[in-house]
Each structure stands twice: as C-alpha cells, then as structure tokens.
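Chains as they are written, first to last, in our numbering: chain A, 1 to 273; chain B, 1 to 594; chain C, 1 to 242. To keep things clear, I will list the structure first and then write my remarks on it.
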Amino acid sequence: MAKLLAVTIVIIAILSAIPIITHTWPGNISVGLPQDISTHGVLIDEQYADTMLEAGICFLISQFVLAYFIWKFSQPKPGDKPRRFPGGAAGLVIAAFLLVGTECLALGVFGAKAWGNIYFTPPAADSMPVQVQAGQFAFYFRYPGPDRKFGPLHANLISEANANFFGLDTTNDQDSKDDIVTAEMAIPVNREIHLLMHSKDLGHSFFVPELRIHQDFVPGLDLSVHFTATKIGKYEIVCTQLCGLGHYNMKAYLEVMSQGDYDAWLKQQAALQ
Amino acid sequence: MHDMSAHAVHHGAPTSFIRKHIFSLDHKVIGKQYYGMALIAVLVGMVLSWIMRLHLGWGNLAIPGLHLLSKAGAPGDVMTPEYYLQLMTMHGTIMVFFVLTTAPFTAFGNYFLPIQTGAEDMPFPHFNMMSFWVTFSGFIVLMASFFVSDGPTLGGWTQYAPLSAVGSVSGPGQGWGVVLWAISIGLFCVGQLFGSLNFITTTLDMRCKGMSLMRLPLSAWAWFITSVMGLGAFAVLMPAVILLILDQVAGTSFFVASNLVINDQLLPHSGGSTLLWQHLFWFFGHPEVYIALLPGMGIVSHVLVTSMRKPMLSHRVLIYSMGSLAVLSYMVYGHHMFVAGMNPISSLAFSFPTLIITIPSTIIVLIWLGSLYGSKLRITSASLFALGFISVFISGGISGFFLAQPSIDIMLHATYFVVGHFHLVMAVAAMFGIFSGTYFWFPKMFGRMMNEPLGKIHFWCTFVGTYCIFMPFHYLGIAGNIRRYQAFTDDYLMPLIPVHRFITVAALFTGAAQLIFLYNLIYSRFKGPVAPNDNPWEGTSLEWSTATPPPHNNWGDKMPVVYHDPYQYSVEGAKEDYIMQTSPEPVHSADEEK
Amino acid sequence: MMGKKLAALLSAIVLVCCGAVILNQKVSAAEEGKITGTVKLDGTAPHMRGIDMSKDPYCVKANAGTPAHLQTWEVSSGGGVENAVISIQGWTGAADVEKSVPVFDQKNCMYTPHVLALDTTETFKVITSDQTAHNIHPLPNPMINVGWNQSQPPGAPPIERSWKNTEAIPVQCNIHPWMHGWFVVVKGPYGTSDADGKYTIENVPPGSYTLQAWHEPDQTQTAKVTVTAGGTATADFTLKAK
Chain A
1 MAKLLAVTIV IIAILSAIPI ITHTWPGNIS VGLPQDISTH GVLIDEQYAD TMLEAGICFL
61 ISQFVLAYFI WKFSQPKPGD KPRRFPGGAA GLVIAAFLLV GTECLALGVF GAKAWGNIYF
121 TPPAADSMPV QVQAGQFAFY FRYPGPDRKF GPLHANLISE ANANFFGLDT TNDQDSKDDI
181 VTAEMAIPVN REIHLLMHSK DLGHSFFVPE LRIHQDFVPG LDLSVHFTAT KIGKYEIVCT
241 QLCGLGHYNM KAYLEVMSQG DYDAWLKQQA ALQ
Chain B
1 MHDMSAHAVH HGAPTSFIRK HIFSLDHKVI GKQYYGMALI AVLVGMVLSW IMRLHLGWGN
61 LAIPGLHLLS KAGAPGDVMT PEYYLQLMTM HGTIMVFFVL TTAPFTAFGN YFLPIQTGAE
121 DMPFPHFNMM SFWVTFSGFI VLMASFFVSD GPTLGGWTQY APLSAVGSVS GPGQGWGVVL
181 WAISIGLFCV GQLFGSLNFI TTTLDMRCKG MSLMRLPLSA WAWFITSVMG LGAFAVLMPA
241 VILLILDQVA GTSFFVASNL VINDQLLPHS GGSTLLWQHL FWFFGHPEVY IALLPGMGIV
301 SHVLVTSMRK PMLSHRVLIY SMGSLAVLSY MVYGHHMFVA GMNPISSLAF SFPTLIITIP
361 STIIVLIWLG SLYGSKLRIT SASLFALGFI SVFISGGISG FFLAQPSIDI MLHATYFVVG
421 HFHLVMAVAA MFGIFSGTYF WFPKMFGRMM NEPLGKIHFW CTFVGTYCIF MPFHYLGIAG
481 NIRRYQAFTD DYLMPLIPVH RFITVAALFT GAAQLIFLYN LIYSRFKGPV APNDNPWEGT
541 SLEWSTATPP PHNNWGDKMP VVYHDPYQYS VEGAKEDYIM QTSPEPVHSA DEEK
Chain C
1 MMGKKLAALL SAIVLVCCGA VILNQKVSAA EEGKITGTVK LDGTAPHMRG IDMSKDPYCV
61 KANAGTPAHL QTWEVSSGGG VENAVISIQG WTGAADVEKS VPVFDQKNCM YTPHVLALDT
121 TETFKVITSD QTAHNIHPLP NPMINVGWNQ SQPPGAPPIE RSWKNTEAIP VQCNIHPWMH
181 GWFVVVKGPY GTSDADGKYT IENVPPGSYT LQAWHEPDQT QTAKVTVTAG GTATADFTLK
241 AK
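Written as structure tokens, this is what we have:
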C-alpha cells in the first residue's frame, strides 16, 4: 500500500508538470501564458519563468523525497530501530533559511523590478490619454477629441437610456463637445497610452492578458496605468472583479491598429457621436 | 496552574436528554455537535459545487429538478447567471466558515484539547455551549437566505463592497441576502470568540500535573495557536460585518463612495471607502486561511508521529514554525489586494512577508520529511491521509511563490490559478486533516473502529480525485481563465472548456467517493467492531490513557499525572516501543524536555 | 291572495335583475365606442444615436444588417410618434380584459416592443429570442411597485409577472446596458401609438373622458373626448421633444 502511494505521488508529480512544461493540455489546448504584446511584459514573463523553474524544482524534489521516504520506511523489519535524520532539525532549519531565504529574497528583489517598471515610472509626456469607465456590465471609453481636453463628468447626468454613459454635459461644457465616447477601445500600435480609470458604480477590473495589464477599478478613486502595445490585433478586455450577475459577460475589445487605421477609426467614431 | 484543574470545573454529569445531548456543557458533546454541523454543511457545500461544476462544463445543460431549489434561479432547470453566483457564494461561505473552521478546529479541538491537556472540561462550559449554539444559529441564518425572495447573496465569500453594501439595486440577493449573510457571519464570529477564549484558557490554565507547555502534543499546540489567531481575526471581522449591515439597512456609507450610479439612479451614499472593506476583510481573511490550515497540521503531525513510531525531528521547531505562521499571517494579507488599487509600494511591502512566510512553511515540511526518514511507518487510513496532507500542502504551497509576487500576480490575480492554490493548500489540506483525525480518533470518540478497507478506498479516490480537480485549475489560470464566471463567452476562454469538463467529471467522481466515507462513518458508529482497547493505535498522549469513550469528567476518579514528552516512541530500553505520557517508567533520552 | 301576488312580483323583479346583470356585458359591448387619433411631434425629430454593441459579438451579429439606434423618439416621416401610450384618466370601470397576453420580447439585444402598455390586472410575459443571456431589471418607484431583477438565459421559459399599481416603469438589461424599455401600467382601456403615430382604444363605454398621452421619459398630455355608443371619437396629441 505504501509503495503504491509512493508511486502514485511520483506519477502525479510528473503528470502535473507536463502541461506546465509543454504549455498544452491533451487535445492540443494551449494552457501557457498568452502571448505578450506589451513593452513592459518581458520582465514579468522572465520573472514568471524564473519562479516556475525554482518552484517546479522544489515541487518535484519534495514530492519525490516524500515518495522515496514513504517507499523506503513503510515496511520495517521487526528488529529495525528508527534512525535519526543526519544533521537533525538544526541542519534542516539552516538549510531552509539559506535556500528558501535566498530564493525569496532574489525573487522579491527581481519581482520588485518588474513591478516598479510598470507602477513606479511616470507616463511619458507625449503619451496618449484614454479614459475608461467601468459599470455594470460594460466598459466605455472616452477620447478627448481635437481639443485634447476631457470635459468634466456629472454623475447626475449619467443615463444609459440616452447613451450618456459618462454623464457629459455637451450643451454647457465646452471641453465635452468634441469628446468621443466609444464601446470598444482602439489604440495606435507602439504609442504609449495613459489609461485613466474610474468606476461608475462598483468594483471592476481592467485585465488584458496579452497586454500584461491588470488593475482594479475602485469606486471613488481615479487610478491610471500606462502601457505600450507592440502588436496589431484584436484582444479582449475582461473584468476580473466580481461585480454582479453579468460579471462573466463584462468585456470590451481592444483593437491595436496602425496609426493610419486608428486615425480613420477615430474620425468614424466622432461622426457617430 | 496544576491545582486549578482539580476544582475549576465542577458540573455534574447531566441526566436529562436535553442537557446531555442538546444543551450540553460537556466539551466532548459540543465537539461532536460541531462535527455533526460540519458534516451537514459539507454535504450542502459539496452538492452546490456539483451543480456549479456541471454548469461550468455543460452550460446549457438543464439539470433535472434544479427548479425545485429555486424557481427564479433555475427556471425550467436552466441556471441563471445570478443563481450560479449565489450558489458559488454559498459554497465558499459554507465551506470556509462552517466546515474548514469548525471541523478541524472547534470540533476536534473541543473534544480533544481538554483531554490532551489533562483537564476535566473547558474552564467556561456555558460559554462553550453558547459557542456552538451561536455558531449553529449562524448556520441556520445562512441557510435561511436560500429562502428569501430573491435568494442568497451573489457577492462571493469575500463580499466586496460596494457590491455588497448598496442593496438589491446591484443585483439579486444583494439586499436581504447580504444582510442575512452578514448576520450569519457576525454570529459565527461571536461563537468563535467564545470558543477561542475557552481554548486559550484551557491550554494556559487547565493543564494537569506534570503537563508543561512543551509536553503538549502538536495537535493541542495547533489548536492553541489557532485560537490565539481566532481572537485577533474574528474580532476584526465582526465589526466589519456590523458596518456592512449598517450600510445596508441604516443608510450609512462606510464602504460606499460618493457619486455612484446604478441603473441610471444616483445612489444616496457618499464618502465611504471601497478599500476599507478589503483591508478589514483580509485582515481577517488571511489569518482565516491559517485558522483552517493549522489545526490540520497539528492533527496530521499527531497522527504521523503515532504512525511513524518515532518522535518528530524537533517538537520545538514545529511549534515555533506554526507560531511564526500565525504571526506572519497577519502581515501578509495585502497580497490579496496587489492590483486592488492600493499604493503600489504597499504591494511590495506586503510581498516580502508573503515570500518570507514560505520559510516556516518549508521548515514544517522539512521536519515532517526528516522525521519520516528512518521511521517505522504504519499505513492506516489515518496515516494515508496524513501523508496525503503533506503532498497536497507542498503542491498548494508552492504555487504561493507566484501569488506572493505582485508582478506575477498581474497575470494570475482572480484567475483559476488562485482557486487551485487555495483549494489545495487550504481546503483539500484541511479536509485531509479532518479525515485523518476522524479515522484516528473515531475509536476514542465512539468506542468502535472504522472500516479500514473502506477508509483506504476513500483515501485513494480522494487523493487522486482532488489532484485531478485542482491541478488543472492552475493551468487554466495561467492561460488567463477568470474565476467567478458562470460561463466562458470570451473568445480566448472558449477553447478551455474541455479542461473544465475534465474537472467536472473528476469533481463528480471525488464527491461521490465521499459517500463511502459517510457510509463508513455512520455504519461504524452503530455497527463497527468494538475498539479492542483504550489505545488501539498504541499512542502516547493523554487521550489514549483514559476510558473509551471518556467519562463525563474525562478521567473518572483519578486525575492524570504526566511524566514525559508527548511522543516517546521507540524508546531505548523501554518495555514496549512506546511510553505513555502518564507512565512513570523512566526515559533516558537526551531529547526529553525538562 | 295578497301574499302570493307579492311573491310573484318580487320573483319577477329578481329574475329581471339577474338577467340584466348577466346580459349586461353583451348588451353594453354592442354599445361601446372607440377612440382613435394620432400622436405627432412638434418640430424636428431629435437625432437618435447609434448603439455600439461590440461588447457582445452575438448582438453585433444579430444587428449586422440594420444597426440599432436609441428608441427614445421614433418619429415617422409624417411626424407621427411611436410608443406613446394613451389611457383614460381616473378610470373606474371594469378591467379591460385583453384576449392575448402582452409579450415583452428580447430580440437582437433590443426590447420588442420598446414600450409595453399594461393594465394593472394584466399578467405579461417576458420572453427571449436571443442566444445570449439577458437580465430584466425594472426599476419602479419602490413606494408604488415592487421591483425585481431576474436573468433569462437562452432556452429559459417565459417569466410571467404583473404590476399592482399604475406607473411608467423603466426596464433595463444590465448585461447589455443599452437595452432600455418601459412598462407603462395604466387602469382601463389603453392604446399605444404605432410607427405612424396612430393609436386606437377599443371597447370604451359611452361617456366623457379625459385622455392622457404618455411619452418617455416623463412627458404627459391630456385631451377631453366624448364617446358615443358604437361611435368613434378622435383625439390627437402633439408632443415636444425636450
């Protein structure tokens, strides 16, 4: 029975590692990290790969050792005397502090670099501002228009019935008149975007796996992130913060376009306002 | 200290049925009541998870009879999005609070902590009785929310504000459902605070003669540390849910910011803080993970030592490590909020303690492995589950490396990776602790043995089954699969549905295997073979030196006197391969605590 | 002798009364009139913004041919206003019994009809023709009616509901925030204007009435009419877009 357990643990450990190494689930389903289309994502991916390597080795070794000890010490002969682990507890404690401690410190420090690369750097002066508003259960986006100014928001004017999703007063606010409100987000490729985030109602989140950007919307707080997309294509923006019954369907599309396509798109959207 | 136990608790054995079995002051009866409640709760929680899994695997599948549960939630047996979330929330709440906290901590702890410390009972038996009944009322209130007009709350077990604080305008179940949820959790906190108070006092003041703190078995230490954590954690959650109730019914705005608009209606709230709820909740929530886990660690260590026939490599190091886990668990809670809008510097500040918490966890695993080395391992259902615990604890713990780092958390936050991580390290590990403890202590609690072959079948199905369920969760998470989605309509999630189907099948199988356990438990309770003696596993701690089942005051006429460390196995020169704590037989060992 | 006569007389009176009560419905039906008219808009029709449904590809596909737009003001080329509800103020008569159950359909991620008029005694059905889940979230004034919020995934059976008190209730789908409609709950006979702005209220007993025309979001206008037995009264309304 014990030997069976040892074998089972080994098999489970190996089978568990296979999809991680091959990034594939039977049936040719990809289960790896989605492709990276951002400039800052490479540090995150490296950090992830390093952690996976270290964690994977720890995982396999400790499961194998567990299995080996179960195999070896489960059927003692009647005369056997228990033996002490050479080195004793002190050795293990020191090993844990040294090995795991170093590992933690290294991961922590390098991880901090990847984190700081996103959050501790200011957006470039010429970055393009886009505003996003989250609400049950859709994202809406606002572009400042030719005047490059966002008009003020009036919560009491918000009306989904009249498609005034942001609560703009286009009759009185000069800056709002040329603002362009859209339901999908288009951005030019290789241009830094400064995304200004606020929530209309509850907690939501802005997650684009390919963009390596994940940030919650906090009602009452204006947050911002900045990023540069490097690959033209259509991606999904999903909400990851439980926000009610339509949470699963709260999404928008992100279209990364060439500058020319983007300009045409913006013109077309402006005409629809 | 030693004198207290002789006269601190004096309540005579009850004679009426009600005082004996219902409103009992006896810690053993209360422990069994907790276990019974957890058993009912876990069955409900498991059935909920089956329904959820079926829906996730085959979204359009009508589950026959589902409309009987809720006509509005499942019209024509088709599950609505809100009903999925409601079941999910109830699954989480029931499992975390009423199963994982009660079964290993308050159920086994109530029964065995006084016995392992050599006490006659807990110091405040009335508080102990109230602890159960208040907790049980909490459970009833939570169940009642299934029957209010728009069903239970859908906000998830974390109940993030403002979704939970603005009333039914934010969704079905967000009015009365949330209020009942909050009342239930508030009651639960009160119950656990009473319990913790008793546990701490029992450990500190009720030990019998000769029982120094270091002579307490590891399970007793785990319960003691857990109860200290409970005091801190539940004392924060309780005011948090009270504020939440006020936001809901009294029009206050503790957690709701100004100028929020839902359904084109400007909410009347203003000036509250969204993040306040998250801070309060996770200040409780992270220690709660260890409250669920530590008793399992203690039970498993206790079972392992008995099965290995040798003491742990170091009793002290294990205790100190569990203690550091408890302390650190309060300093890491912010890792639940890396992308929640905290100052990004705080994310780093919470990241380092989270990474550091792997050190005591690693030490615990290494001590277990080091103790296994050179042991004379006996394979029983109890020890199988204890060994399985080590395996799942390693698997679940290692994924913590990823979630501890804010940069990687960008990719993994709120995905199935997190779900896989906490299910393995907290839920499955704690369940293995419960199973191990049940197989181990059943003979002492009921005077009968459980069926070993059935227990082993149960172990194999559960061990393989849980890995089949929870390992694929990690892969889904890496691929970006968001949790708490009732259907996968996104283009990049649809290809992953076959993985979900595999998990569903595994979950149904593993769940069904638990019925073997249930059968074994009930059958053995009434028809199992009578325990051959008071000490069927040849254990050394105090619970094995008293009668089976223990009498009302645990010890009969003669209070125990302790001479040794808890785990004197394979002692050189001893008559048998173990010396019980109460045995005056001398031990000549360098390790013996003074 | 006197007693017998009295008894016969009383019996006859009772019989006649009963007969009158039983026949009353049919007798009056023949004498009921109707009200018709047109609802027009004063001035040019406001521009109705197009709806971008890109968040749900199903909805985009369903509307691929004819892009959807807001339906606040549906004005015909002749100036007729659709979706105005005309009812009788202070109606005290019996309920207007419709033969068919009013249906509120969710089709192509829009509401059909955009405005559903109802009597307080009527039960209506919410159905879905879409292959994507919707939630139906009417928001009545909580002092007047009890609100609810329920999803209808594809394949779910119809939701049957009714409203207790008269009110114009906005209804919304949160999953598709552009989906917006109205339940207009009235007492007594009512009519809803069609695409040309024409409406008809059938089965109105003879008498003088004050009509009320309602248009979203909260515009009302009244007119006085006199209905004769079997005749057709006319009342036109002219609304202003705010």
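C-beta atoms are modelled at their ideal positions from N, C-alpha and C, and glycine is treated no differently. Since this is a predicted model, take the numbers as computed values, not measurements.
query                                                                                                              : result
Local conformation of lysine 209 of chain B per DSSP, three classes                                                : strand
is_contact[leucine 272 of chain A, chain C] using C-beta, thresh 9 Å                                               : yes
CB contact below 9 Å: phenylalanine 150 of chain A versus chain B                                                  : no
Distance between phenylalanine 338 of chain B and threonine 66 of chain C (C-alpha atoms, nearest Å)               : 44 Å
Residue of A/Ile237, A/Ala229, A/Leu43 minimising C-alpha distance to aspartate 491 of chain B                     : A/Ile237
Contacting residues, own chain, Cβ-Cβ under 8 Å from tyrosine 439 of chain B (five flanking each side not counted) : Thr380, Ser381, Ala382, Phe385, Met450, Gly455
Tyrosine 519 of chain B burial status per 10 Å Cβ neighbour count (16 or more: buried)                             : exposed
Secondary structure of glycine 33 of chain C, DSSP reduced to three states                                         : strand
For glutamine 265 of chain B and leucine 139 of chain C, believed in contact at Cβ under 8 Å, the rounded distance : 7 Å
Spatial distance of histidine 47 of chain C from asparagine 172 of chain A (CA atoms)                              : 18 Å
Valine 47 of chain B versus alanine 427 of chain B: straight-line alpha-carbon distance, rounded                   : 16 Å
Three-state secondary structure assigned by DSSP to leucine 242 of chain A                                         : coil
Beta-carbon proximity of proline 158 of chain C to valine 78 of chain B, cut-off 9 Å                               : no
Check whether threonine 462 of chain B and threonine 504 of chain B have beta carbons under 9 Å apart              : no
C-beta neighbour in chain A for alanine 168 of chain C, strict 9 Å                                                 : no
Whether glutamine 159 of chain B touches valine 166 of chain B by CB criterion (9 Å)                               : no
Simplified DSSP state of lysine 26 of chain C, which is helix, strand or coil                                      : Only weak support is given to the placement of lysine 26 of chain C: the predicted model assigns it a pLDDT of 45, under 50, and the value that follows is read from those uncertain coordinates. Residue state, collapsed to three classes: helix.
C-alpha gap between glycine 65 of chain B and phenylalanine 147 of chain B, whole angstroms                        : 17 Å
Contacts of histidine 335 of chain B in chain A (Cβ-Cβ under 8 Å)                                                  : Those within 8 Å of histidine 335 of chain B in chain A number zero; the least Cβ separation is about 12 Å.
Environment of tyrosine 111 of chain B [buried if 16+ CB atoms lie within 10 Å]                                    : buried
Pair within 9 Å by beta-carbon distance, leucine 606 of chain B and glycine 374 of chain B                         : Past the edges of chain B, shown from 1 to 594, lies residue 606 of chain B, and the structure says nothing about it.
Proximal chain A residues relative to proline 81 of chain B, where beta-carbon distance stays under 7 Å            : Leu245, Gly246, Tyr248
Exposed unless 16 or more other CB atoms sit within 10 angstroms - verdict on threonine 192 of chain C             : buried
Buried/exposed call for arginine 483 of chain B, threshold 16 Cβ in 10 Å                                           : buried
Residue-level contact to chain A via CB, lysine 55 of chain C, 9 Å cutoff                                          : yes
Identity of the residue in A/Gly88, A/Phe97, A/Leu168, A/Ala186 nearest valine 130 of chain A by Cα                : A/Ala186
Unbroken beta strand (DSSP E) run spanning alanine 233 of chain C, endpoints                                       : 232-234
CB of serine 391 of chain B within 9 Å of CB of glutamine 75 of chain A, strictly                                  : no
Chain A within 9 Å of glycine 155 of chain B, Cβ atoms only                                                        : yes
Nearest candidate by alpha-carbon position, reference arginine 212 of chain A, set A/Pro34, A/Pro19, A/Ile9        : A/Pro34
Serine 170 of chain B in three-state terms, based on DSSP                                                          : helix
Residue-chain proximity (threonine 489 of chain B, chain A), Cβ-Cβ < 9 Å                                           : yes
For lysine 72 of chain A, the nearest candidate out of B/Leu369, B/Ser395, B/Asn554, B/Pro529 (CA to CA)           : B/Leu369
Within 9 Å, strictly: CB atoms of serine 347 of chain B and tryptophan 115 of chain A                              : yes
Reduced DSSP category for serine 74 of chain A - H, G, I as helix; E, B as strand; rest coil                       : coil
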